[in-house]
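*Asks:* Handing you a structure now.
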Amino acid sequence: MPDVALFVTCLVDQLAPQTGMSAVRLLEAAGCRVTFPEAQTCCGQPALNTGEPEAARVLAHRFVDVFAPYDAVVSPSGSCVAMIHHWYPRLLPGDGRLDGLVARTWELSAYLADVLGVLDVGAHLDGTTATVHDACHGLRVLGVKSAPRRLLEAAGAGVDEMADPETCSGFGGTFAVKHGEISAPMADDKLAQAAATEADCLVACDAGCLLHLDGRRRRTGTGPEPVHLADLLARGLT
Numbered sequence: 003m004p005d006v007a008l009f010v011t012c013l014v015d016q017l018a019p020q021t022g023m024s025a026v027r028l029l030e031a032a033g034c035r036v037t038f039p040e041a042q043t044c045c046g047q048p049a050l051n052t053g054e055p056e057a058a059r060v061l062a063h064r065f066v067d068v069f070a071p072y073d074a075v076v077s078p079s080g081s082c083v084a085m086i087h088h089w090y091p092r093l094l095p096g097d098g099r100l101d102g103l104v105a106r107t108w109e110l111s112a113y114l115a116d117v118l119g120v121l122d123v124g125a126h127l128d129g130t131t132a133t134v135h136d137a138c139h140g141l142r143v144l145g146v147k148s149a150p151r152r153l154l155e156a157a158g159a160g161v162d163e164m165a166d167p168e169t170c171s172g173f174g175g176t177f178a179v180k181h182g183e184i185s186a187p188m189a190d191d192k193l194a195q196a197a198a199t200e201a202d203c204l205v206a207c208d209a210g211c212l213l214h215l216d217g218r219r220r221r222t223g224t225g226p227e228p229v230h231l232a233d234l235l236a237r238g239l240t
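Numbered by the working numbering, the letters in the sequence shown go through residues 3 to 240 in order.
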């Protein structure tokens, strides 16, 4: 039985706790023993995005201290995992624990599909159609593309591709706060693309993108329900 430490991330912890619980349900359904290290905190991405690398370095040290003892670290946020893979080697050069820890840290869908080789987690989504948004960091830094689609299809869901699933949703961490006049139209375009598919839901593997898209959907009334892959699959668990 694989031992997995859940890195829940700030956004999931504070704004989408059900996604963290869904991730645990899926990992356990895949045969994992899940641990939640209570000393965990932010990965440091907001600080880095705001031009505070020293603050990000402190948080990176904290992450390594907390998660270095575990054989696998899994997170329901491609963005935070990308921070660890791409930026931690720059923030913490010479930390001998880091190389192994980076290699053992995974985005949830990639861990299930590519590491464990588990596509059928026991979810039943027959009759559900989804369109998938490829979140920027998961796609471009981690290469997460097919894993969420394979998991959906294994659960019986149909996948209807939107015109450009790889286009940014406009969230971009602090970008959405600093440049709302740009980020809002980007989300609106993504929602319009999703609506054109007539899918039941808009699926992604990053809570930040989903919060941004859901906020715009509530304001405009456009597009299907934005839902995290973990939450949708967990709905189908018997």
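For every residue, glycine included, the Cβ atom is placed at its ideal position computed from N, Cα and C.
1. Across which residues does DSSP place cysteine 203 in a beta bridge pair?
2. Kindly indicate which residue of Glu168, Glu183, Gly174 has the alpha-carbon position closest to the one of alanine 196.
3. Only counting the same chain, and skipping five residues up and downstream in sequence, which positions put a Cβ closer than 6 Å to that of cysteine 82?
4. Could you check the C-alpha separation between arginine 152 and alanine 84 for me, to the nearest Å?
5. Which partner residues does serine 77 have in the DSSP bridge list?
6. Measure the alpha-carbon distance for phenylalanine 69 versus leucine 235 and round it to whole angstroms.
7. Do you know offhand how far methionine 188's Cα is from glycine 210's?
8. In the DSSP assignment, find the unbroken beta strand (DSSP E) run with aspartate 116 in it and report its ends.
9. How far does the alpha helix (DSSP H) with arginine 99 in it reach, from first residue to last?
*Replies:* Put simply:
1. Position 201 of the sequence shown holds residue 203. In the DSSP assignment, cysteine 203 forms a beta bridge with Ala132, Glu227.
2. For the purposes of this step, residue 196 is identified with residue 194 of the sequence shown, where counting begins at 1. Looking at Glu168, Glu183, Gly174, the one whose alpha-carbon comes closest to that of alanine 196 is Glu168.
3. Position 80 of the sequence shown, counted from the start, is the residue given in the question as residue 82. For cysteine 82, where only same-chain residues beyond five positions count, the Cβ hits under 6 Å are Thr11, Cys45.
4. The residue given as residue 152 occupies position 150 in the sequence shown. The residue given as residue 84 occupies position 82 in the sequence shown. Those two C-alpha atoms are separated by around 21 Å.
5. Position 75 of the sequence shown, counted from the start, is the residue given in the question as residue 77. Answer by DSSP bridge pairing, in chain order: Glu109.
6. As a position in the sequence shown, residue 69 is number 67, starting the count at 1. As a position in the sequence shown, residue 235 is number 233, starting the count at 1. Phenylalanine 69 and leucine 235 have their C-alpha atoms spaced approximately 26 Å apart.
7. On the sequence shown, residue 188 is found 186 positions in, with the first residue counted as 1. On the sequence shown, residue 210 is found 208 positions in, with the first residue counted as 1. One C-alpha to the other measures close to 14 Å.
8. Locating residue 116 in the sequence shown gives position 114, counting from the first residue. Note, aspartate 116: premise wrong, no beta strand (DSSP E); not H, not E.
9. Position 97 of the sequence shown, counting from 1, holds the residue named residue 99. Unbroken run through arginine 99: none, as it is neither H nor E.
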